[in-house]
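Engineer: Okay, so the sequence shown: first residue is 228 according to our numbering, each after it adds one.
Cβ coordinates follow ideal geometry from the N, Cα and C atoms, glycine included.
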Amino acid sequence: MAMLLLLHFVLAAAAAAARAPAAQAWGVEGHYMVCKIAESYLSREASAAVKGLLPESAGGELAKTCSWPDTERRQNPWSTPLHFADTPGDCNFCYARDCQGTKGEKDMCVVGAINNYTAALKDSSSPYNRTESLMFLAHFVGDVHQPMHCGRTADLGGNTVLVHWYTSKTNLHKVWDDKVIGTAMNRLYRDDLTTMISAITRNLTVSYYFWTAPSVRLHCWPSPKRRVQSGVTTAKYSGELRARIRTS
Ligand SMILES: [Zn+2]
């Protein structure tokens with residue numbers, strides 16, 4: 228279905244663009260930004276189809292629903308593996324090996340989730356709730372662009388890699404989820420998310436490959452130190468934020 232393909236592409240491009248000026252940010256603000264930018268690129272037909280599926284509480288705004296799967300995950304932990312696609316550390320994602328649950332259930336990773344919720348949206352006879360499928364898909368396309376969501380099982384996607392971010396102690400996953408965007412929003416956009424979104428959207432002229440390449444390399448470095456340094460390199464590509472990060 229053309230509308231779905233367009234939505235998919237727009238969400239992926241928005242996720243890539245959202246990290247362009249300020250690296251990564253996949254907390255509430257990061258997911259909101261990805262979806263907000265994606266919404267502005269939807270065709271009239273796609274926008275109407277998306278609005279038709281949104282819950283009333285969203286007020287017609289897809290971005291307002293994009294963190295819902297993180298809330299859902301706390302209430303229904305079964306969905307937690309759907310947010311990630313970690314590998315044992317060999318830098319090769321193997322679907323059969325890396326996309327299964329602890330009891331061997333199939334499709335239990337973010338790649339499987341994107342496939343399945345896309346299929347559910349394309350099939351009008353699907354038994355799955357189409358509203359939830361849309362909200363899951365919009366969230367997971369954002370997640371899959373956060374390098375630590377496609378990281379290493381050994382360090383739980385950077386959660387056990389302790390680092391300093393400016394003056395605070397944190398972990399590498401948290402840096403990519405929240406810290407970079409928080410710092411950028413504060414220092415470059417006066418804590419105004421709308422201004423930050425506008426600035427990113429104005430600069431949305433980069434090629435998809437350019438911003439994908441550094442993040443793909445990021446989690447493949449064997450040592451935490453190299454992965455942290457790779458993150459700094461990625462931040463420097465933005466030209467707007469010089470990340471102050473060092474291993475703990
Ligand atoms: Zn998530």
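Could you give the first and the last residue of the continuous beta strand (DSSP E) run that contains W295?
Structural biologist: Walking along the sequence shown from the start, residue 295 turns up at place 68. Run containing W295: none in the beta strand (DSSP E); it sits in the alpha helix (DSSP H), 295-302.
Engineer: On the CB-based measure, 16 or more other CB atoms within 10 Å of its CB, does D418 come out buried or exposed?
Structural biologist: Numbered from 1 along the sequence shown, position 191 holds the residue referred to as residue 418. D418 comes out exposed.
Engineer: May I ask you to list the residues that DSSP assigns as paired with H310?
Structural biologist: Taking the first residue of the sequence shown as 1, we reach residue 310 at position 83. According to DSSP, H310 bridges with nothing at all.
Engineer: Residues in its own chain within less than 6 Å of Q251 by CB, not counting five upstream and five downstream?
Structural biologist: Taking the first residue of the sequence shown as 1, we reach residue 251 at position 24. Interpretation of Q251 is limited by its pLDDT of 32, a score under 50 that renders its predicted location unreliable; no figure is taken from the coordinates.
Engineer: Within the same chain, show all residues whose beta-carbon is closer than 7 Å to that of F320, passing over the 5 residues directly before and after it, in chain order.
Structural biologist: Residue mapping note: residue 320 aligns to position 93 of the sequence shown, counting from 1. Correct list, in chain order: A312, T314.
Engineer: Can we count D297 as close to ligand 1, meaning its CB is less than 7 Å from some heavy atom?
Structural biologist: Along the sequence shown, read from residue 1 onward, the residue named residue 297 stands at position 70. Because some heavy atom of ligand 1 lies under 7 Å away, the Cβ of D297 counts as near it: yes.
Engineer: How many Å lie between P296 and Q327 at the Cα?
Structural biologist: Within the sequence shown, the letter at position 69 stands for residue 296. Within the sequence shown, the letter at position 100 stands for residue 327. Cα to Cα, the separation comes out at about 19 Å.
Engineer: In the DSSP assignment, the alpha helix (DSSP H) including T410 goes from what residue to what residue?
Structural biologist: Here residue 410 refers to the residue found at position 183 of the sequence shown. Segment 407-415, the alpha helix (DSSP H) holding T410.
Engineer: If you draw a straight line from the alpha carbon of A440 to that of A265, how long is it in whole angstroms?
Structural biologist: Numbered from 1 along the sequence shown, position 213 holds the residue referred to as residue 440. Numbered from 1 along the sequence shown, position 38 holds the residue referred to as residue 265. Because A440 carries a pLDDT of 43, less than 50, the predicted location of this residue cannot be relied on, and the following value inherits that uncertainty. In a straight line, the C-alpha of A440 is about 21 Å away from that of A265.
Engineer: Is it the case that the region 297-308 contacts the region 271-282, given that we only count it when at least three CB pairs across the two stretches are under 8 Å?
Structural biologist: Counting Cβ pairs under 8 Å, fewer than three are found: no touch.
Engineer: Evaluate A381 with the Cβ neighbour count: other Cβ atoms within 10 Å of its Cβ, from every protein chain shown; 16 or more gives buried, anything less gives exposed.
Structural biologist: For the purposes of this step, residue 381 is identified with residue 154 of the sequence shown, where counting begins at 1. So A381 ends up on the exposed side.
Engineer: Provide the residue span of the beta strand (DSSP E) that contains Y395, from first to last.
Structural biologist: Walking along the sequence shown from the start, residue 395 turns up at place 168. Correcting the residue identity first, residue 395 is Ser in this sequence and not Tyr. Counting along the chain, the beta strand (DSSP E) containing S395 begins and ends at 395-398.
Engineer: Within the continuous beta strand (DSSP E) that includes V390, where are the two ends?
Structural biologist: Numbered from 1 along the sequence shown, position 163 holds the residue referred to as residue 390. Taken as a continuous stretch (DSSP letters only), the beta strand (DSSP E) holding V390 covers 389-392.
Engineer: For the region 278-295 and the region 254-264, state whether three or more C-beta atom pairs, one from each stretch, are separated by less than 8 Å.
Structural biologist: With the cut-off at 8 Å, the region 278-295 and the region 254-264 touch.
Engineer: Leaving out five residues on either side along the sequence, give the residues of the same chain with a beta carbon under 8 Å from the beta carbon of A346.
Structural biologist: Against the sequence shown, residue 346 aligns to sequence position 119. Only S353 meet the Cβ criterion.
Engineer: Would the region 277-286 count as touching the region 337-345 if we require 3 or more Cβ pairs under 8 Å?
Structural biologist: Counting Cβ pairs under 8 Å, fewer than three are found: no touch.
Engineer: Can you tell me whether E256 is buried or exposed? The criterion is at least 16 other CB atoms within 10 Å of its CB, across all chains shown.
Structural biologist: Along the sequence shown, one-based indexing puts residue 256 at 29. Burial call: buried.
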